[in-house]
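In the working numbering, the protein residues as written are 498 to 711. Where a beta carbon is used, it is the ideal one built from N, C-alpha and C, also for glycine. A short write-up of the structure that comes next.
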Amino acid sequence: MIGFPSATDPSSEDGPASPPRRDILTLVTGATVAAGACALAWPFLDSLIPPENAAAHAPVDVDLSPIAPGQQIVVVWRGSPVFITRRTSESLERLKSPALTSRLRDPESKILQQPPYAANWHRSLVPEYGLLVGVCTHLGCVPTYGAGSADPAQRGYACPCHGSKFDLAGRVFAGVPAPYNLPVPPHRMLTPDRVRIGENPAGQSFDFGSIVQI
């Protein structure tokens, strides 16, 4: 009987031969080196990604120049919407009017819902620009800007959930479910048309976590 060479027979010239021992060692060594390199590279690559908490609490710079008078933009800071409004001269005059302030629950911002440098009639560093954390102090809904009036001087905020109302400085009206004014975030002006949210002006100290409610 004629014998056929086995596939595992190293003397066979035609069958699929096993890889030489030297090649196996080369593959194993290469895989080990690659694995080691990945193990060393992972901590380095991981260090390039900012921690979640650090990123969430980082200051946010905003260019104010594209905002037209009477308009508002919304940015995100610390996971919450921040309303940035460019108020008109008519709107600013209304914020000071007794006809409005007599209808507000906390018109002089006596309750700690803002930094000390924003405890004024416009509740901001610069009267023209209002910055408010857009979370209703009742149950946390996001108020709507400009609800109820097409006149920029009459615009304010209305909560779509339970009807709470706020003026353009975020001051709450009396007789609505929301108990407090909208929070004002720490902020400082980098230039006349650029603001940094999450950082106090030089020489000022304010911890946003100290406010009464958000």
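Can you tell me whether DSSP reads residue 602 as helix, strand or coil? Indexing the sequence shown from 1 puts residue 602 at position 105. In this structure, residue 602 counts as coil in the three-state DSSP scheme.
Name the DSSP bridge partner or partners of residue 582? Position 85 of the sequence shown, counted from the start, is the residue given in the question as residue 582. BP columns for residue 582 point to 569 and 627.
Can you have a look at residue 620 and say buried or exposed, based on whether 16 or more other CB atoms are within 10 angstroms of its CB? As a working note, residue 620 is residue 123 in the sequence shown. Burial call: buried.
Please confirm whether residue 569 and residue 582 have their CB atoms less than 8 Å apart. Locating residue 569 in the sequence shown gives position 72, where the first residue counts as 1. Locating residue 582 in the sequence shown gives position 85, where the first residue counts as 1. Cβ atoms of residue 569 and residue 582: closer than 8 Å.
Looking only at C-alpha atoms, which of 661, 612, 668 and 682 sits nearest to residue 674? Numbered from 1 along the sequence shown, position 177 holds the residue referred to as residue 674. Residue 661 is the option with its Cα nearest to residue 674.
Can you tell me where the beta strand (DSSP E) holding residue 558 begins and where it ends? Counted from its first residue, the sequence shown places residue 558 at position 61. First-last of the beta strand (DSSP E) with residue 558: 557-560.
Distance check for residue 574 and residue 550, CA to CA, integer angstroms please. Walking along the sequence shown from the start, residue 550 turns up at place 53. Walking along the sequence shown from the start, residue 574 turns up at place 77. Here the model assigns residue 550 a pLDDT of 47, short of 50, so the residue's position is not dependable and the matter cannot be decided.
Let me know the secondary structure DSSP gives residue 596 once reduced to three states. Taking the first residue of the sequence shown as 1, we reach residue 596 at position 99. Three-state result, residue 596: helix.
Kindly indicate the opening and closing residues of the beta strand (DSSP E) around residue 709. What you label residue 709 is simply residue 212 of the sequence shown in a count that begins at 1. Careful: residue 709 lies outside any beta strand (DSSP E) and carries neither H nor E.
Which two residues bound the contiguous beta strand (DSSP E) that contains residue 688? As a first step, residue 688 must be located in the sequence shown, where it is residue number 191. Taken as a continuous stretch (DSSP letters only), the beta strand (DSSP E) holding residue 688 covers 684-688.
Can you list, in chain order, the residues of its chain with a C-beta nearer than 6 Å to that of residue 698? Leave out the 5 residues immediately preceding and following it. As a working note, residue 698 is residue 201 in the sequence shown. Result list for residue 698: 685, in chain order.
Residue of 601, 691, 564 and 580 minimising C-alpha distance to residue 676: Against the sequence shown, residue 676 aligns to sequence position 179. The residue with the shortest Cα to Cα distance from residue 676 is 601.
Taking only the alpha-carbon atoms, compute the straight-line gap between residue 537 and residue 554 and give it to the nearest angstrom. Here residue 537 refers to the residue found at position 40 of the sequence shown. Here residue 554 refers to the residue found at position 57 of the sequence shown. Only weak support exists for where residue 537 lies, its pLDDT of 37 falling under 50; the value from the coordinates is given anyway. So the alpha carbons of these two residues sit roughly 29 Å apart.
Should residue 669 be labelled buried (16 or more other beta-carbon atoms within 10 Å of its own) or exposed? As a working note, residue 669 is residue 172 in the sequence shown. Residue 669 should be labelled buried.
Of the residues 703, 692, 680 and 625, which one's Cα is nearest the Cα of residue 577? One-based indexing of the sequence shown puts residue 577 at position 80. Of the candidates 703, 692, 680 and 625, the one whose C-alpha sits nearest the C-alpha of residue 577 is 680.
Please return the same chain residues whose Cβ sits closer than 8 Å to the Cβ of residue 561, not counting the five positions on each side in sequence. Your numbering for residue 561 matches position 64 in the sequence shown. Closer than 8 Å at the Cβ level, and outside the excluded window around residue 561, lie 581, 583, 626, 690, 691 and 692.
Give the DSSP-derived three-state secondary structure of residue 591 in the structure shown. The sequence position of residue 591 within the sequence shown is 94, counting from 1. In the structure shown, residue 591 sits in a helix (DSSP, three-state: H, G or I).
Counterpart residues of residue 642 in DSSP-defined beta bridges: Walking along the sequence shown from the start, residue 642 turns up at place 145. The partner list for residue 642 (beta bridge, DSSP) reads 654.
Apply the 10 Å Cβ neighbour rule to residue 634 and answer buried if 16 or more other Cβ atoms are within range, or exposed otherwise. Counting from 1 along the sequence shown, the entry for residue 634 is found at position 137. Answer is buried; the Cβ neighbour count reaches 16.
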